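Q:
Number of protein chains: 2
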Amino acid sequence: MRGIAYGVGVGPGDPELMTLKAVRLIRENDVIAVPGKEAKEAVAYQIAAAAVPEIAKKQLVPIYMPMIRDREKIEEEHQKGARILEQYLEQGKNVVYLTLGDPTVYCTFSYLQHILERDGFQVELVSGISSFCAAAARLNLPLTEWDEPLHIIPAVHKLDAPFAEEGNYVLMKSASHMKDVKDLLRKTRLSVQAVENCSMETERVYRSLEEIPDDAGYFSLIIAKEQK
Amino acid sequence: MRGIAYGVGVGPGDPELMTLKAVRLIRENDVIAVPGKEAKEAVAYQIAAAAVPEIAKKQLVPIYMPMIRDREKIEEEHQKGARILEQYLEQGKNVVYLTLGDPTVYCTFSYLQHILERDGFQVELVSGISSFCAAAARLNLPLTEWDEPLHIIPAVHKLDAPFAEEGNYVLMKSASHMKDVKDLLRKTRLSVQAVENCSMETERVYRSLEEIPDDAGYFSLIIAKEQK
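Read top to bottom, the protein sequences are chains H and C.
Take the position in the first sequence, starting the count at 1, then add 86; the result is the number in the working numbering.
Take the position in the second sequence, starting the count at 1, then add 86; the result is the number in the working numbering.
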């Protein structure tokens, strides 16, 4: 019988934000895959290892996930990655693929998942704490109350009419365009806070738009709320 | 010294989706508050009790959170609820308030949090798995890939131009208007799936718009995605 591929979120960084299910699946299975060139250098691995030290003795499988824009080249690498997982699955072994945050929110595992499913393998996703929920908790800031909509926008600088909608905003993946994003936000009446590297050792909190540095890092997340 | 009020998410229903931190905070503290008239009947309590049975011996504090529309009456009840928590906090005891899902997403604790903070008490939020991440995982459905925005809409029937935005949608709190919401969705080209009572024993999965019953229950969550 073929194994199951588990896409398991380990949360944003704090090992204590892992779920009981993530911990159990790591303990019960022998093959642990992580995105990266070197398994033990992967952030997802390090989070899991802090909560489940015995992971170090497992069969660790690094899956290279390129951060490039060439879709053809990316697809090629995803195919290679999926093949590696499929070899274990065909041997009847489950594979636990660890991923930062949640496996349904801008997650590289989704690409592997599509290939595995097309190839007839069973995939199961296990939720993790998403970075935006963790950032909101860190800021003590409800994302939504009453009937407020919430818009999660990964590349706000590409929108024709940014911030036109009623509701609150989470801006992800803004780091490479932070200056432009700040300019856009300055034109709104939204109340802005941000967290960089939420729940990691290098975490920084910004309580206003102007505090956010133009060169904030990749894991910067902005929460922009309607002022009531 | 005053105690700390922890707003702790217990996730959507499956006790295994609780975080290690939620489990630790329940174990380490004596006063556990839950929304409801009877503590042991609260869904959040029952989820926690399945993972941490010793919770039954703690000081359980039910906080009545009315599901009504009269804002003045609601505010009055929230004030009463906050006073109850403040009595424990003033005795130097921490209070762990358990809440379904995540404490920043349409969470009744937010109302108490605002009062506690105004009254000068320390509040800390601990993320839980949100219902929409759990529903997406249950459906094996990525909520967002590449640069797709995600819109979380609690009352889509109230919007002037529903589904006008690029991106994917999560529709929450649609149950009382399910027929209208289905009519709205039928006019779009979105691909629709839904989960009722996700990760609870009464869970039901709907793989298309037409499968969703007009009388689906309160904990029904629709995911509507752009077709690629």
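Just so you know, even glycine gets a beta-carbon here, dropped at the ideal spot from N, CA and C.
All figures in this text were calculated on a predicted structure; none of them were measured in a lab.
Counting only C-beta atoms, is H:D323 closer than 9 Å to chain C at any point?
A: Limits of chain H in this structure are 87 at one end and 314 at the other, which puts residue 323 of chain H out of reach.
Q: To the nearest whole angstrom, what separates the beta carbons of C:I112 and C:V147, a pair I think is in contact under 8 Å?
A: Contact flag wrong, Cβ pair sits at about 13 Å.
Q: So C:G206 and C:P235 are supposed to be a Cβ contact under 8 Å. How far apart are they, rounded?
A: Wrong, their Cβ atoms sit about 38 Å apart, outside the cutoff.
Q: Taking Cβ-Cβ distances shorter than 9 Å, what residues in chain C pair up with H:D266?
A: In chain order: nothing, as chain C lies at least about 15 Å away.
Q: For chain C, check one thing: does any of its Cβ atoms lie closer than 9 Å to the Cβ of H:I238?
A: H:I238 counts as touching chain C.
Q: For chain H, is any of its Cβ atoms less than 9 Å away from the one on C:T190?
A: yes
Q: Could you check which residue in H:G93, H:E163, H:E140 has the C-alpha nearest to that of H:K123?
A: H:E163
Q: Note down, in chain order, each residue of its chain lying with its Cβ closer than 8 Å to the Cβ of C:V182, except the 5 sequence neighbours on either side.
A: Y92, V94, L111, I112, N115, V117, I118, A119
Q: Against H:L211, what residues of chain C qualify as contacts under a CB-to-CB distance less than 7 Å, listed in chain order?
A: For H:L211, the neighbours in chain C by C-beta distance under 7 Å run, in chain order, A223, N226.
Q: In angstroms, rounded to a whole number, what distance separates the CA positions of H:E158 and H:P152?
A: The C-alpha of H:P152 is placed about 11 Å away from the C-alpha of H:E158.
Q: Is H:Y292 helix, strand or coil by DSSP?
A: Of the three classes helix, strand and coil, the one that applies to H:Y292 here is strand, per DSSP.
Q: With a cut-off of 8 Å on the beta carbons, I'd call C:S190 and C:L211 a contact; round off their distance for me.
A: At residue 190 of chain C the sequence reads Thr, which differs from the Ser that was named. Sure, about 6 Å apart at Cβ, within 8 Å.
Q: Could you check whether C:Y150 and H:E231 sit closer than 9 Å to each other, using their CB atoms as the reference points?
A: no
Q: Would DSSP call C:Q208 helix, strand or coil?
A: strand
Q: Quick one: which residues of the segment 100–126 of chain H get their C-beta closer than 8 Å to a C-beta of chain C? List them in chain order.
A: Here the close residues are D100, P101, E102, L103, M104, T105, L106, K107, V109, R110.
Q: To the nearest angstrom, report how far apart C:K268 and H:L229 are at their CA atoms.
A: 26 Å
Q: For H:C217, report the span of its beta strand (DSSP E) as first-last.
A: Cys is not the amino acid found at residue 217 of chain H; the sequence shown has Ser there. Element bounds for H:S217: not the beta strand (DSSP E) but the alpha helix (DSSP H), 217–224.
Q: Grab me the residues of H:K259's own chain with a C-beta within less than 7 Å of its C-beta, minus the 5 sequence neighbours each way, in chain order.
A: P240, A241
Q: So, at 8 Å on beta carbons, what are the nonlocal neighbours of H:V109 in its own chain, with the 5 sequence-adjacent residues on each side left out?
A: A137, V138
Q: Give me the Cα-Cα distance between H:D100 and H:A135, rounded to the nearest whole angstrom.
A: 11 Å
Q: For the segment 102–156 of chain H, list the alpha helix (DSSP H) runs that are entirely contained and at least 4 residues long, ordered along the chain.
A: Qualifying alpha helix (DSSP H) stretches, in chain order: 106–114, 129–137.
Q: Name, please, each residue of chain C whose Cβ falls closer than 9 Å to the Cβ of H:T274.
A: Contact of H:T274 with chain C by beta-carbon distance below 9 Å is absent, the smallest such distance being about 16 Å.
Q: Name the chain C residues whose beta carbon is nearer than 8 Å to that of H:T185?
A: Those within 8 Å of H:T185 in chain C number zero; the least Cβ separation is about 11 Å.
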